[in-house]
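Visitor:
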Amino acid sequence: MKYIFITGGVVSSLGKGLTAAAIGALLELRGLTVRIQKFDPYLNVDPGTMSPFQHGEVYVLDDGAETDLDLGHYERFTSGSLSKLNNLTSGQIYDSVITKERRGDYLGKTVQVIPHVTNEIKDRIYEAGEGVDILITEIGGTIGDIEGLPFVEGLRQFSTEQTRGDVLFIHVTLLPFLAAAGELKTKPSQQSVAKLREIGIQPDILVCRTEEPMSDEVRQKLAMFCNVPAKAVIEECDVETSIYELPLMLQRENVDDLVVEYLGLDAPDKPMDKWNDIVRRLKYPAHKVTIGVVGKYIELQDAYKSVYESLTHGGIANDTKVIVERIDAEDLTTEEGRENLRKLDGILVPGGFGDRGTEGKIWAARYARENNLPYFGLCLGMQIAVIEFSRNVLGLADANSPEFDEQTPHPVVHLMEDQKEVTQKGGSMRLGAYKCDLLEGTVSRKAYGSESVSERHRHRYEFNNAYRADLEAKGMRVAGVNSKRDLVEIVEIEDHPWFVGVQFHPEFKSKPFLAHPLFASFISAALEKKANA
Ligand code: GLN
């Protein structure tokens, strides 16, 4: 069993998560089994209660864990299935330590950061690593952060419990380019490595994020001052077209060779065909479509991360470049704002909470329905489609979800039965993987090519079965159900080339080399729409 620990220096947002994922991909390609784990130093138990402004997307796993969006990268780049063990926060640690203290587990002792908090951290490393060749653990935040200290100390202790050569430390750092001086500066990296060594950790590999290629001189300087061999100073430039170039880029810098050498693994180099093929398809696509994503956090880079990635995957599957037009739902309440919809080949309405922007999203669904434009509604986007159809086809003018209008006379979407007793916000939605049976003769069944699928959920409201017969009579058909609980999971519009709303989040199960079937089918429908326009 081998361990790789990834820390970050100088600034946040260095793309440590992607680096961890890409290294995982390279090792997996060499035939090793890999699992990736993330430690987050904040005090929230999980990111489920945080705003997208604070945190970006909340990524949901099969077991219902609400996790950091880096876990999305881990799942997209590698095949290892992840669970709640793969994302540990300070909040979880303190929750567990204090519960143990109250129970009397530490009776007689003073409970302290060392060893009680650090023990929890080490336990989680052991637990998450069970059954794989290599566990990669990424520590969120930047070296020097007060909150991150117990984690880094935990790693140091952990490494002393292992045989030499079984643990590898990778430090991801930034080389700022000073235009006035015309050079890349190494001092911040030197200082962040010094900070690591102060705690007792000497990095083995330095991954340097840089906008400019690194000269040999810079490499030598970093090697000297950071106490690593020059060959272990890795250049990681910004990628040109796509994040899926990263495994290739790191492989050119021999990162995987180094890891295998340092950890004494017998895992020969393998051809990179799989990743080369993806990058080729991304760089030289045969076709192009424009998809409008109508949301309320469109100005944020990370709020709909998995949705954007899944659209790209759908494009890869169709040899098509997907241009994403980010549309602020609030702009669609005016005639002028709706002009923007004309240039689209498809509309996607992602998940969301709260009533801001819902009327604009309803407009988007209506536009797609009336103009035979492919529409893909995810979670809230499905509920929006049901509300729109009820208002404008069924003629229930005030149809709504009580989430947006508590007094609506027609709650065509309503709170799930078991949600009525929920009093605590955190971790209490309908979360994780549930089975969905697909009905014959539907677009969804054809796209999936199977009778039954498992998809991930994160919601409190659902389709109201009281309106099902009326909706079906007017042409909104139910295409997928959770038979066990009689829940509607997918709706479609009959006389429409491609109009699908799903109560789940397919974007959490798409990969670059295995696009989610609904995303692949949606992009193919958008292509067709464009060809017939
Ligand atoms: N707000 C809606 C609900 O709770 C949709 C949730 C979502 O889109 N993830 O049911």
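Letter 452 of the sequence shown, counting from 1, is numbered 453 in the numbering used here, and no numbers are missing. Glycine included, every Cβ here is placed at the ideal spot set by N, Cα and C.
With H, G and I counted as helix, E and B as strand and the rest as coil, what does DSSP make of Asn88?
Guide: Along the sequence shown, read from residue 1 onward, the residue named residue 88 stands at position 87. Reduced to three states, the DSSP call for Asn88 is strand.
Visitor: Quick check on Ser190: does DSSP put it in helix, strand or coil?
Guide: As a first step, residue 190 is located in the sequence shown; it is residue number 189 there, counting from the start. In the structure shown, Ser190 sits in a helix (DSSP, three-state: H, G or I).
Visitor: Using a Cβ-based criterion (distance less than 6 angstroms to any ligand heavy atom), does Gly352 qualify as near ligand 1?
Guide: Looking up residue 352 in the sequence shown gives position 351. Yes, since a heavy atom of ligand 1 falls inside the 6 angstroms radius drawn around the Cβ of Gly352.
Visitor: What are the boundary residues of the alpha helix (DSSP H) that includes Arg469?
Guide: As a position in the sequence shown, residue 469 is number 468, starting the count at 1. Segment Arg469 to Ala474, the alpha helix (DSSP H) holding Arg469.
Visitor: Val413 and Ser391 look like a contact to me (Cβ under 8 angstroms); what is the Cβ gap, rounded to whole Å?
Guide: Position 412 of the sequence shown, counted from the start, is the residue given in the question as residue 413. Position 390 of the sequence shown, counted from the start, is the residue given in the question as residue 391. Right, their Cβ atoms sit about 4 angstroms apart.
Visitor: Note down the Cα distance separating Glu1 from Tyr462, rounded to an integer number of angstroms.
Guide: The shown model of the chain, from 2 to 534, leaves out residue 1, and the question about it has no answer.
Visitor: For Ser402, does the count of other Cβ atoms within 10 angstroms reach 16, so buried, or fall short, so exposed?
Guide: The residue you call residue 402 lines up with position 401 of the sequence shown. When all chains shown are included, Ser402 counts as buried.
Visitor: In angstroms with no decimal places, state the Cα-to-Cα distance between Val118 and Gln221.
Guide: On the sequence shown, residue 118 is found 117 positions in, with the first residue counted as 1. On the sequence shown, residue 221 is found 220 positions in, with the first residue counted as 1. When rounded, the distance between both Cα atoms is 38 angstroms.
Visitor: Under 8 angstroms by Cβ, that's how I've got Asp63 and Ala434 pegged, so tell me the actual separation to the nearest angstrom.
Guide: Residue numbering aside, residue 63 sits at position 62 when the sequence shown is read from its first letter. Residue numbering aside, residue 434 sits at position 433 when the sequence shown is read from its first letter. Their Cβ separation, rounded to whole angstroms, is 4 angstroms, which keeps Asp63 and Ala434 in contact under 8 angstroms.
Visitor: To test your reading of the DSSP string, which unbroken alpha helix (DSSP H) runs of 4 or more residues are found completely within the region 434 to 517?
Guide: Listed in chain order, they are 444 to 449 and 469 to 474.
Visitor: To which residues of the same chain is Ala542 closer than 7 angstroms at the C-beta, ignoring the five residues directly before and after it?
Guide: Outside the displayed range of the chain (2 to 534) lies residue 542, so it cannot be described from this structure.
Visitor: Per the contact definition of three or more C-beta pairs closer than 8 angstroms, is the region 275 to 293 in contact with the region 35 to 55?
Guide: Verdict: no, contact absent.
Visitor: Tell me the residue span of the alpha helix (DSSP H) that contains Thr242.
Guide: Sequence index remark: in the sequence shown, residue 242 carries index 241 (1-based). Careful: Thr242 lies outside any alpha helix (DSSP H) and carries neither H nor E.
Visitor: Take Asp106 and list the residues in its own chain whose beta-carbon comes closer than 7 angstroms to its own, dropping the five residues that flank it on each side.
Guide: Translated into positions along the sequence shown, residue 106 becomes position 105. If we look at Asp106 and ignore the five residues flanking it on each side, it has no Cβ neighbours.
Visitor: Output the distance between the C-alpha atoms of Glu236 and Leu472, rounded to the nearest integer angstrom.
Guide: On the sequence shown, position 235 is the one that residue 236 refers to. On the sequence shown, position 471 is the one that residue 472 refers to. About 57 angstroms.
Visitor: Count the other C-beta atoms from every protein chain shown that fall within 10 angstroms of the C-beta of Ala369, then say buried if there are 16 or more, exposed otherwise.
Guide: Residue mapping note: residue 369 aligns to position 368 of the sequence shown, counting from 1. Under this definition Ala369 is a buried residue.
Visitor: Would you say Thr79 lies against chain B (beta-carbon separation less than 7 angstroms)?
Guide: Of the chains in the structure shown, none is chain B; there is only one protein chain.
Visitor: Sorry if obvious, but does the Cβ on Tyr245 come closer than 6 angstroms to a heavy atom of ligand 1?
Guide: Along the sequence shown, read from residue 1 onward, the residue named residue 245 stands at position 244. Because no heavy atom of ligand 1 lies under 6 angstroms away, the Cβ of Tyr245 does not count as near it: no.
Visitor: In the DSSP assignment, find the beta strand (DSSP E) that holds Glu422 and state where it starts and stops.
Guide: The residue you call residue 422 lines up with position 421 of the sequence shown. Note, Glu422: premise wrong, no beta strand (DSSP E); not H, not E.
Visitor: List the endpoints of the continuous beta strand (DSSP E) containing Asp329.
Guide: Indexing the sequence shown from 1 puts residue 329 at position 328. Thr321 to Asp329 is the extent of the beta strand (DSSP E) around Asp329.
Visitor: Quick one: is Asp167 buried, meaning 16 or more other Cβ sit within 10 Å of its Cβ, or exposed?
Guide: Within the sequence shown, residue 167 is the residue found at index 166, counting from 1. Exposed.
Visitor: Answer with buried or exposed for Pro53, where buried requires no fewer than 16 other C-beta atoms within 10 angstroms of its C-beta.
Guide: Looking up residue 53 in the sequence shown gives position 52. Its Cβ being crowded by 16 or more others within 10 Å, Pro53 is buried.
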